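Data block below; observations after.
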Amino acid sequence: KTNFRNFVMGVDAKIPLINGRFVTAINFDNAATTPPFLSTLQQINNFSPWYSSIHRGTGYKSQFSSNLYEKCRNTVGNFVGADMHTHTVIFVKNTTEAINKLSYRLCKTNKKCVVLSTCMEHHSNDLPWRDKYDVDYIAVDHLGKLSLEDLEYKLKKYKDHIALVTITGISNVTGYKNPIYKIARLVHKYHAKILVDGAQLIPHAPFHMNPIDSPEHIDYLAFSAHKMYAPFGIGVLIGPESTFEEDAPEYSGGGTVDMVTHDFIRWAQPPHKEESGTPNIIGVIALSSAIHTLKMIGMENIEKYENSLTTYALQKLKKISGIQLYGNPDDCTDRVSIIPFNIADIPHEMVATILSYEAGIAVRNGCFCAQPYIQELLNINSHEIEERIKDSTAHHPGMVRISFGLYNHYDEIDMFMTMLEKIITNKAYYLKKYSDIHINI
Ligand code: PMP
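So the sequence shown is numbered by my numbering: it starts at 37 and just counts up by one.
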């Protein structure tokens, strides 16, 4: 057992099952959101005497919180190894907003026409590019792993027309960890730039943007605080300051300007230009606090522990007949914390419901905002997809996903496995019981 269980909020919450019995909730949905650290909530509390708006106030509290906010910016930048002389750390709402913001900015300043995305992206690192660029997708192999051969082929094919290569650090479906430094080296060899979607990577493994004179540096990075033990509503976009210097920001208004007359505007320097209106000061303080705790535990330790949980769970899952696993269940080396699966003959949404109402185990099911990747992994051809688009009542294909956090335990995995075996052994019973059940909490 690790000692991290008491680090997070709500792990001992008791929840009701369908039979009325109360059990301790098991949360295997950490890829969606992690519970916040207790120390982070305490830090928010500690800030309460200084609660005030930042940057334009001369009051003591405002000066104090402005300094704290900027100090947190450094903490965040340093945590991911950003070069704070060349790069700017912009606070946003979440990864989705960060990527949208970058897509808006790049299409204003970078006239190249192609963005290379991949077949394993979350919709948030796919859709924002589609209306602004010609997007081509780097292929994945039959196990869902990114093809570096296809990446190089496409880098050669589009050459000087590539505005950006945008790739997830870790897939939120298979947990595959992409070799981002190797990819960055390749991308820079072809004089292109790289964005890493760090939503899953930053909370689960060590990461460094690397100095900009290194061929393995990461040009842009986006991530969300709510997946790294801080609360909702704060995210980060990091990139070269020069990217954000020219022209108007996406959202203009208070905080984005140095000087305004009725017919003249001088925009503020990034990051302020990109943080319009009053920012989420509490969110920034919370994120910085969560980073202190993550650093104290050690990202290497977190990756190692979560990898051992993943290996343990995969070994058990492989032994249960009737479980369909996705990705390579025999290779856990580049895989972090996430396992997708299906049970033969039981729809994914029913499996998730049974786990919740019979055992208090929270998992996620469906397509995890990565429909094209799920279509690849499930081998659904374009004809079937077209048919499903026409028929709005068709059952949506998908999977069940378990994803671990640093506070999960082997014995929780054991309880989960026991429940899975029970479901498979008593398939007919559960199918009947849950076929017409609609449960509202
Ligand atoms: N990218 C990946 C890989 C993700 O897992 C997620 C969240 N599921 C996102 C982007 C979007 O993050 P957010 O909802 O915090 O914007």
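For glycine and all other residues, C-beta sits at the position ideal for the given N, C-alpha and C.
Predicted, not measured: the structure shown is a model, and the values here were computed from it.
Opening and closing residue of the beta strand (DSSP E) in which residue i lies
i      : result
ILE51  : 50-52
THR204 : 198-204
VAL59  : 58-60
LYS302 : The identity of residue 302 in the sequence shown is Arg, whereas the question assumes Lys. 300-303 is the span of the beta strand (DSSP E), which, as asked, contains ARG302.
ASP294 : 293-297
MET459 : The residue you asked about is not Met; residue 459 is Ile in the sequence shown. Per DSSP, ILE459 belongs to no beta strand (DSSP E); it is in the alpha helix (DSSP H), 446-461.
ILE382 : Counting along the chain, ILE382 falls outside any beta strand (DSSP E), and DSSP gives it neither H nor E.
ILE359 : 359-361
Outcome for residue i when other beta-carbon atoms lying within 10 angstroms are tallied against a minimum of 16
i      : result
GLN79  : buried
GLY478 : Coverage of the chain is limited to positions 37 through 477, which leaves residue 478 absent and any answer about it impossible.
LEU222 : buried
CYS108 : buried
PRO56  : The question names Pro, but residue 56 is Gly in the sequence shown. GLY56 comes out exposed.
TYR465 : exposed
ALA118 : buried
THR454 : exposed
ALA134 : buried
GLN305 : exposed
GLU336 : exposed
PRO52  : exposed
MET484 : Only positions 37 to 477 of the chain appear in the structure, and residue 484 is not among them; the question remains open.
GLU310 : buried
GLU342 : buried
MET386 : buried
MET332 : exposed
LEU179 : exposed
PRO4   : An answer regarding residue 4 cannot be provided, because it is not within the stretch 37 to 477 covered by the chain.
ARG166 : exposed
SER418 : exposed
PRO307 : buried
ALA67  : buried
PHE40  : buried
GLU422 : exposed
CYS368 : buried
ARG371 : buried
GLN236 : buried
SER373 : buried
Opening and closing residue of the alpha helix (DSSP H) in which residue i lies
i      : result
ALA175 : Premise fails: ALA175 is in no alpha helix (DSSP H) and is neither H nor E.
PHE115 : 96-115
ASP186 : 184-194
LEU353 : 335-355
PRO408 : 407-413
GLN79  : 74-83
ILE135 : 131-145
ILE238 : 237-240
PRO164 : 163-166
Cross-strand partners of residue i (DSSP beta bridge)
i      : result
TYR256 : LEU231
SER439 : ASP65, ILE374
SER153 : TYR173
ALA398 : ASN63
THR429 : Answer by DSSP bridge pairing: none, since THR429 is not bridged.
HIS123 : PRO276
LYS213 : ILE206
VAL44  : PHE73
GLY500 : A query on residue 500 cannot be resolved here, the shown segment of the chain reaching from 37 to 477 and no further.
VAL387 : The partner list for VAL387 (beta bridge, DSSP) is empty, contrary to what the question assumes.
GLY271 : VAL128, SER260
Min CB distance residue i to chain D below 8 Å
i      : result
LYS426 : The structure shown contains no chain D; it holds only a single protein chain.
Practice item. Specify whether the stretch 259-277 and the stretch 287-294 touch according to this definition: at least 3 beta carbon pairs, one from each stretch, less than 8 Å apart. Key: No: fewer than three Cβ pairs fall under 8 Å.
Check your understanding: Quick one, what's near ligand 2 if you take every residue whose CB is closer than 5 Å to any heavy atom, in chain order?
Key -> Absent from the structure shown: ligand 2. Ligands present: ligand 1.
Check your understanding: Should the stretch 389-400 be called in touch with the stretch 424-434, which here means at least 3 C-beta pairs below 8 Å?
Key -> The answer is no - the stretch 424-434 does not touch the stretch 389-400, with fewer than three Cβ pairs under 8 Å.
Point to revise | At least three beta-carbon pairs within less than 8 Å, the stretch 68-75 to the stretch 365-377 | key: No: the two stretches stay apart, fewer than three of their Cβ pairs being nearer than 8 Å.
Practice item. Could you say if the stretch 313-323 and the stretch 268-277 meet the contact criterion of at least three C-beta pairs nearer than 8 Å? Key: Counting Cβ pairs under 8 Å, three or more are found: they touch.
Check your understanding: Touching or not, the stretch 130-148 and the stretch 237-244, by the rule of three or more beta carbon pairs under 8 Å?
Key -> Segments in contact, no.
Check your understanding: So, do the stretch 95-106 and the stretch 247-258 have three or more beta carbon pairs nearer to each other than 8 Å?
Key -> The stretch 95-106 vs the stretch 247-258: no contact.
Review point. Does the stretch 157-165 come close enough to the stretch 197-216 that 3 or more CB-CB pairs lie under 8 Å?
Key: Touching, yes.
Practice item. Spell out a yes or no on whether the stretch 339-348 and the stretch 440-451 are touching, meaning 3 or more CB-CB pairs, one atom from each, closer than 8 Å. Key: Three or more Cβ pairs drawn from the stretch 339-348 and the stretch 440-451 lie within less than 8 Å of each other, which places the two stretches in contact.
Review point. Using 8 Å as the threshold, is the stretch 158-175 in touch with the stretch 399-411, meaning 3 or more CB pairs across them?
Key: Short answer: they touch.
Check your understanding: Between the stretch 122-134 and the stretch 168-176, do at least 3 Cβ pairs fall closer than 8 Å?
Key -> Cβ pair count under 8 Å is below three, so no.
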